[in-house]
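Residue 232 in numbering that gives the first Met the number 0 sits at position 233 of the sequence shown, and the numbers go up by one each step.
Even glycine gets a Cβ: it sits at the ideal position worked out from N, Cα and C.
These numbers were taken from a predicted model, which means no experiment stands behind them.
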Amino acid sequence: MNQNKNKKLAQIFHFDLYGKREDKFKFLLNNSISKVQWNELQPNEPDYFFAPKNIEFKEEYEKGFKINELFPIYNSGIQTDRDTLFVDNHRKKLENRIKILLSGNYDIVFKQKFRIHNSSSYKLLEVIKSKHFDVSLVEQVEYRPFDRKWIYYSPEIISRPANKVMKHFVNRENTGLVFERIVPNKSIPYRDIFITSKITDGHNIGSKTYIAPLYLYSDKSSQQIINHEVERVPNLNKTIINDISKRLGLQYTEEKKSSHLESFFAPNDIVDYIYAVLHSPSYREKYKEFLKIDFPRVPYPTNPKIFWNLVELGCKLRHLHLMEGVEYQLGLADYPVDGSNKVEKVVYKRGIAGQARNDGLDEHGIAGRNDGNGEQGIAGQARNDDSVGGRVYINDTQYFDKVPLICWNFYIGGYQPAQKWLKDRKDRNLDFDDVRHYQKIIFVLTETEKLMKLIEKHTE
Numbered sequence: 000m001n002q003n004k005n006k007k008l009a010q011i012f013h014f015d016l017y018g019k020r021e022d023k024f025k026f027l028l029n030n031s032i033s034k035v036q037w038n039e040l041q042p043n044e045p046d047y048f049f050a051p052k053n054i055e056f057k058e059e060y061e062k063g064f065k066i067n068e069l070f071p072i073y074n075s076g077i078q079t080d081r082d083t084l085f086v087d088n089h090r091k092k093l094e095n096r097i098k099i100l101l102s103g104n105y106d107i108v109f110k111q112k113f114r115i116h117n118s119s120s121y122k123l124l125e126v127i128k129s130k131h132f133d134v135s136l137v138e139q140v141e142y143r144p145f146d147r148k149w150i151y152y153s154p155e156i157i158s159r160p161a162n163k164v165m166k167h168f169v170n171r172e173n174t175g176l177v178f179e180r181i182v183p184n185k186s187i188p189y190r191d192i193f194i195t196s197k198i199t200d201g202h203n204i205g206s207k208t209y210i211a212p213l214y215l216y217s218d219k220s221s222q223q224i225i226n227h228e229v230e231r232v233p234n235l236n237k238t239i240i241n242d243i244s245k246r247l248g249l250q251y252t253e254e255k256k257s258s259h260l261e262s263f264f265a266p267n268d269i270v271d272y273i274y275a276v277l278h279s280p281s282y283r284e285k286y287k288e289f290l291k292i293d294f295p296r297v298p299y300p301t302n303p304k305i306f307w308n309l310v311e312l313g314c315k316l317r318h319l320h321l322m323e324g325v326e327y328q329l330g331l332a333d334y335p336v337d338g339s340n341k342v343e344k345v346v347y348k349r350g351i352a353g354q355a356r357n358d359g360l361d362e363h364g365i366a367g368r369n370d371g372n373g374e375q376g377i378a379g380q381a382r383n384d385d386s387v388g389g390r391v392y393i394n395d396t397q398y399f400d401k402v403p404l405i406c407w408n409f410y411i412g413g414y415q416p417a418q419k420w421l422k423d424r425k426d427r428n429l430d431f432d433d434v435r436h437y438q439k440i441i442f443v444l445t446e447t448e449k450l451m452k453l454i455e456k457h458t459e
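Listed below in structure tokens is the structure:
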């Protein structure tokens, strides 16, 4: 007898209840399963959703290409399992710590603080045996958005080095698309896309970050790298690229020259196009249900003019997020009050950024640097106006002035960079470079919001 003969899908019913916890309890007490006004769902393969979904644009969305199919080589980022040991804001501190680790000459305090022991999945004590400190393994890592740190990147020692991908960034010029497969909290909109030019942490924008390098480098010696003899090939699916070429009526070239102008498109143009599309507010909203359940798809470009407009905007966004050539703008996130610079409690206060006087600020919008000579230059009368911005306090007296609310709340992946960068430095004294870097972050977020509005016009 065929046991599958009479099998069919179960009936699925759904009901939403919103409100305060007390109201929900009251509803449950006063109703039974039979009294609830259930909505029957019609789940379809392959996802079989257990909640109502607007799949009106599913067919249209699926005509695009998946970015994980465009990039044949991709991988989740680095996971050390001991970030406090292998990662640091300061290079010298990291170097000294790793020297102690590899020397084996450490005390019980060091051992407990940095968890120098084996675990079921990571035999740290075994992998560090007979290893010696190598300064060439100290690299910058894209740890969180706009937060580069130093890492001792030894694939032989680190728990999960993701070397299949990261080797194409070590001592190489490269660009990497940073993305996630699903949105961990499906009630929030899509924002899980970033860019990198360095080796990248596995939690760069969320719980599991993937990185796809634009170029794959052949394994050559250091001398050949110095002499620019290293061969590289684009990490791109040729079938998808040929399809794009036909649809646009443009020729594809692996290395674009200035003489090619707009009659050719190159690998960087594809990355910039994707980066622009996935930053389009209208695209994120229209396809929000599908962007939450798998690697994102991007529509095939068909109009050369729109394509090049998006490439241009994506290029600006890419350079901005890599913080290339970014300079602080006076009048945005000024730091007018001198003090200890210690990050104690990070608080945003809206609508109190008044008419700031510049008499206490240097060319970077920073008060005197603990030399006793800096004027305070405190902002004038407060105005309740979010367009002017608020103050980001790091302690009771010191703050960054005129920080737009939209920057403070801006998300990249699962993080709010304007908040996280400071909170990750709790109990630290910010130095001049720290203050300037935070000011640049606010500028980058301000410009990102402007570029997203421009991108919107080409993707509606």
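query: Quick one: what does DSSP say Arg147 is sitting in, helix, strand or coil?; result: strand
query: From the DSSP output, in three-state form, read off Thr396 for me.; result: coil
query: Below 8 Å on the Cβ atoms is my contact criterion, and I expect Gly350 with Gly389 to pass it. Report the Cβ-Cβ distance as a whole number of Å.; result: 6 Å
query: Taking only three categories from DSSP, how would you classify Phe64?; result: strand
query: Leaving aside the five residues before and after Tyr80 along the sequence, list all residues of the same chain whose C-beta is less than 7 Å from its C-beta, in chain order.; result: Note on residue identity: the sequence assigns Asp, not Tyr, to residue 80. For Asp80, where only same-chain residues beyond five positions count, the Cβ hits under 7 Å are Tyr121 and Ser158.
query: Take every Cβ of the stretch 54-70, pair it with every Cβ of the stretch 106-116, and state whether three or more of those distances are shorter than 8 Å.; result: no
query: Would you kindly report the start and end of the unbroken beta strand (DSSP E) that includes Ile194?; result: Ile192 to Thr195
query: Do three or more CB pairs link the stretch 440-453 to the stretch 399-417 at distances below 8 Å?; result: yes
query: Can you name, in chain order, every residue of its own chain whose Cβ lies under 8 Å from the Cβ of Asp426, other than the five neighbours on each side?; result: Lys341, Val342 and Glu343
query: Taking Ala417 as part of the beta strand (DSSP E), name the residues at either end of that continuous run.; result: Ala417 -> not in any beta strand (DSSP E); alpha helix (DSSP H) instead, spanning Pro416 to Lys422.
query: Can you say whether Lys237 is buried or exposed, counting buried as having 16 or more other CB atoms within 10 angstroms of its CB?; result: exposed
query: Go to Ala275, then tell me how far its alpha helix (DSSP H) extends in each direction, as first and last residue.; result: Pro266 to Val276
query: Does the stretch 82-100 come close enough to the stretch 322-337 that 3 or more CB-CB pairs lie under 8 Å?; result: no
query: Helix, strand or coil for Phe306, going by three-state DSSP, please let me know.; result: helix
query: Alpha carbons only, please: which of Ile210, Lys130, Tyr152 and Arg190 is nearest the one belonging to Asp82?; result: Tyr152
query: With 16 as the cutoff for other CB atoms within 10 Å, does Ile107 come out buried or exposed?; result: exposed
query: According to DSSP, which residues form a beta bridge with Glu141?; result: Arg147 and Thr199
query: Round the Cβ separation of Arg190 and Gly412 to the nearest angstrom and send it over; I've been treating them as touching at under 8 Å.; result: 6 Å
query: Quick check: the stretch 298-314 against the stretch 241-254, are at least 3 beta-carbon pairs closer than 8 Å?; result: yes
query: Is Ile377 helix, strand or coil when you go by DSSP?; result: Since pLDDT at Ile377 reaches only 40, below the 50 mark, its modelled position is unreliable, and the value read off the structure follows with that caveat. Correct three-state label for Ile377: coil.
query: I'd like to confirm the pairing. Which residues does DSSP put opposite Gln250 in its beta bridges?; result: Phe263
query: Rounded C-beta distance between Ala161 and Asn267? I'm assuming under 8 Å.; result: The pair is not a contact, with the Cβ atoms about 23 Å apart (cut-off 8 Å).
query: Assign Pro71 to buried or exposed, taking buried as 16 or more other Cβ atoms, counted over all protein chains shown, within 10 Å of its Cβ.; result: exposed
query: Buried or exposed, going by whether 16 or more other CB atoms sit within 10 Å of the CB of Asp358?; result: Any reading at Asp358 is ruled out, since the residue's pLDDT is 42, under 50, leaving its predicted position unreliable.
query: Nearest by alpha-carbon distance to Tyr282: which of Asn30, Ile454 and Pro233 is it?; result: Ile454
query: Would you mind stating whether Val336 and Thr396 have Cβ atoms separated by less than 8 Å?; result: yes
query: Pick from Gly63, Leu123, His131 and Val126: whose alpha carbon is nearest that of Glu94?; result: His131
query: Between Phe14 and Tyr142, what straight-line distance do the alpha-carbon atoms span, to the nearest angstrom?; result: 41 Å
query: In terms of residues, what are the limits of the beta strand (DSSP E) holding Val474?; result: Only positions 0 to 459 of the chain appear in the structure, and residue 474 is not among them; the question remains open.
query: By DSSP's criteria, Phe178 is part of a beta bridge. Which residues make up the other side?; result: Ile192 and Tyr209
query: Give me the residue from Leu290, His320, Ser262 and Ala275 with the minimum Cα distance to Pro303.; result: Ser262
query: Residues in the same chain with beta-carbon distance under 7 Å from Glu138, minus the five sequence neighbours each way, listed in chain order, please.; result: Ile150, Tyr152, Val169 and Ile198
query: By DSSP, does Gly313 sit in helix, in strand, or in coil?; result: helix
query: Taking only the alpha-carbon atoms, compute the straight-line gap between Ser206 and Val276 and give it to the nearest angstrom.; result: 23 Å
query: Hey, would you say Ile440 sits closer than 8 Å to Ala417, going by beta carbons?; result: yes
query: How about Ile77 and Asp218: do their beta carbons lie closer than 8 Å?; result: no
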